[in-house]
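Below is one structure, written out as structure tokens, with a few remarks after it.
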Amino acid sequence: MATRKAVEVYLDLLSQPCRAVQIFLRCTTIPHTVKPVALRKGENKTSEFTKLNPMQKVPVMVDNGFVLTESDAILKYLATNYDVPEHWYPRHPERRAKVNEYTAWHQTNTRPHAAKVFILEVLMPRMTGQPAEPTRVQKALVELSGTLDKLEDMFLKRQPFLCGDDISLADLLAVCEIMQPLGGGRDILQDRPKLLSWKSRVQSALTDSFDEGHAVLYRLRDKSKAKL
1 MATRKAVEVY LDLLSQPCRA VQIFLRCTTI PHTVKPVALR KGENKTSEFT KLNPMQKVPV
61 MVDNGFVLTE SDAILKYLAT NYDVPEHWYP RHPERRAKVN EYTAWHQTNT RPHAAKVFIL
121 EVLMPRMTGQ PAEPTRVQKA LVELSGTLDK LEDMFLKRQP FLCGDDISLA DLLAVCEIMQ
181 PLGGGRDILQ DRPKLLSWKS RVQSALTDSF DEGHAVLYRL RDKSKAKL
């Protein structure tokens with residue numbers, strides 16, 4: 001029997017979905033090789049990468065020749081096809097459906113609303129050389145606050161994690177997005193003790209892989225603070 005190759009993943013760790021994929025791989029000890037793709041240098045637009053993913057986006061996974069894009073699909077594939085603890089993506093239909101419910105909601109709520117704050121406070125000023133526009137930032141924060149309210153009331157409720165008593169892919173995807181504004185020095189959970197406690201539980205469950213995955217973001221945060 002041929003030896004199964006290590007999973008290859010193409011990642012830029014300033015990307016929230018890429019961090020989720022790396023953290024999952026490290027936390028579950030699935031054999032893998034990381035192929036860095038620096039978006040800021042346009043490495044996602046090379047002909048070689050475009051052949052791999054014509055959408056020119058990361059993350060991308062290659063598993064024994066099988067190519068897959070989109071973090072949600074990649075994480076669910078890995079959780080289904082590798083020997084990892086069931087809590088990540090439960091086999092029980094109702095428990096799995098709750099994870100799917102969150103990940104579907106995530107794409108048009110947590111992800112865009114947290115990312116928008118980061119884009120306005122960090123990426124746009126770097127690209128234009130102009131400071132962030134306070135009015136636009138405030139509007140984005142109001143939208144994000146509404147999403148965080150729903151995250152608490154609709155998903156977390158009184159449970160330890162978003163989909164029940166154990167950490168799942170839902171928590172991993174959510175926490176990576178919620179961390180993103182920290183790159184500009186903004187902690188969006190500082191006045192939300194319920195979500196802050198949830199984040200601490202997630203971080204504890206992910207052990208060292210959490211800080212390893214967010215090291216690039218921490219460095220960006222420190223640079224932002226140094227400019228103040």
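Be aware that the sequence shown starts at 1, since it is given in the UniProt record's numbering, and climbs by one per residue. Cβ atoms here follow ideal geometry from the backbone N, Cα and C, with glycine treated the same way. The model shown is predicted, which means the values in this text are computed figures rather than measured ones.
Handout entry: Outcome for residue 12 when other beta-carbon atoms lying within 10 angstroms are tallied against a minimum of 16
Key = Position 12 of the sequence shown, counted from the start, is the residue given in the question as residue 12. Buried: at least 16 other Cβ atoms inside 10 Å.
Problem - Outcome for residue 10 when other beta-carbon atoms lying within 10 angstroms are tallied against a minimum of 16 - result: For the purposes of this step, residue 10 is identified with residue 10 of the sequence shown, where counting begins at 1. By the 10 Å Cβ count, residue 10 comes out buried.
Exercise for the section: May I have the straight-line CA-CA distance separating residue 61 from residue 74, to the nearest angstrom? Expected result: The sequence position of residue 61 within the sequence shown is 61, counting from 1. The sequence position of residue 74 within the sequence shown is 74, counting from 1. Each residue's alpha carbon lies about 7 Å from the other.
Exercise for the section: Run the CB neighbour count on residue 55, radius 10 Å, all protein chains shown included, and call it buried at 16 or more, exposed below. Expected result: Position 55 of the sequence shown, counted from the start, is the residue given in the question as residue 55. Looking at its Cβ environment, which holds fewer than 16 other Cβ atoms inside 10 Å, residue 55 is exposed.
Handout entry: Distance, residue 202 Cα to residue 175 Cα
Key = Sequence index remark: in the sequence shown, residue 175 carries index 175 (1-based). Sequence index remark: in the sequence shown, residue 202 carries index 202 (1-based). Those two C-alpha atoms are separated by around 8 Å.
Exercise for the section: Could you please give the first and the last residue of the uninterrupted alpha helix (DSSP H) stretch that includes residue 101? Expected result: Position 101 of the sequence shown, counting from 1, holds the residue named residue 101. Looking at the DSSP string, the run of the alpha helix (DSSP H) that includes residue 101 is 93 to 106.
Problem - Backbone secondary structure at residue 59 - three-state DSSP - result: By 1-based counting over the sequence shown, the position of residue 59 is 59. Three-state DSSP puts residue 59 in coil, outside helix and strand.
Exercise for the section: Assign residue 46 to one of two classes, buried (16 or more other C-beta atoms within 10 Å of its C-beta) or exposed (fewer than that). Expected result: The residue you call residue 46 lines up with position 46 of the sequence shown. Per the 10 Å Cβ criterion, exposed.
Practice task
Kindly give me the distance between the Cβ atoms of residue 204 and residue 27, rounded to whole angstroms, as I take these residues to be in contact under 8 Å.
Solution key: Within the sequence shown, the letter at position 204 stands for residue 204. Within the sequence shown, the letter at position 27 stands for residue 27. In fact, because the Cβ distance is near 12 Å, the residues do not count as touching under 8 Å.
Handout entry: Nonlocal neighbours in the same chain, by C-beta distance under 7 Å from residue 144, ignoring five residues either side
Key = The residue labelled residue 144 in the question sits at position 144 within the sequence shown. Excluding positions up to five away in sequence, the list reads 113, 114, 117, 188.
Handout entry: Reduced DSSP category for residue 89 - H, G, I as helix; E, B as strand; rest coil
Key = Looking up residue 89 in the sequence shown gives position 89. Residue state, collapsed to three classes: coil.
Exercise for the section: Could you give the DSSP three-state label for residue 185: helix, strand or coil? Expected result: As a first step, residue 185 must be located in the sequence shown, where it is residue number 185. Residue state, collapsed to three classes: coil.
Handout entry: Helix, strand or coil at residue 35 [DSSP, three-state]
Key = Taking the first residue of the sequence shown as position 1, residue 35 is located at position 35. In this structure, residue 35 counts as strand in the three-state DSSP scheme.
Handout entry: Cβ neighbours of residue 147 in the same chain (closer than 8 Å, five flanking residues each side left out)
Key = Position 147 of the sequence shown, counting from 1, holds the residue named residue 147. The answer, listed in chain order, is 109, 110, 113, 114.
Handout entry: Candidates 184, 22, 173, of which the one nearest residue 103 by Cα
Key = Stepping through the sequence shown from its first residue, residue 103 is reached at position 103. Looking at the Cα atoms, 173 is the closest of the given residues.
Practice task
Would you list the one or two residues that DSSP bridges to residue 164?
Solution key: On the sequence shown, position 164 is the one that residue 164 refers to. Answer by DSSP bridge pairing, in chain order: 161.
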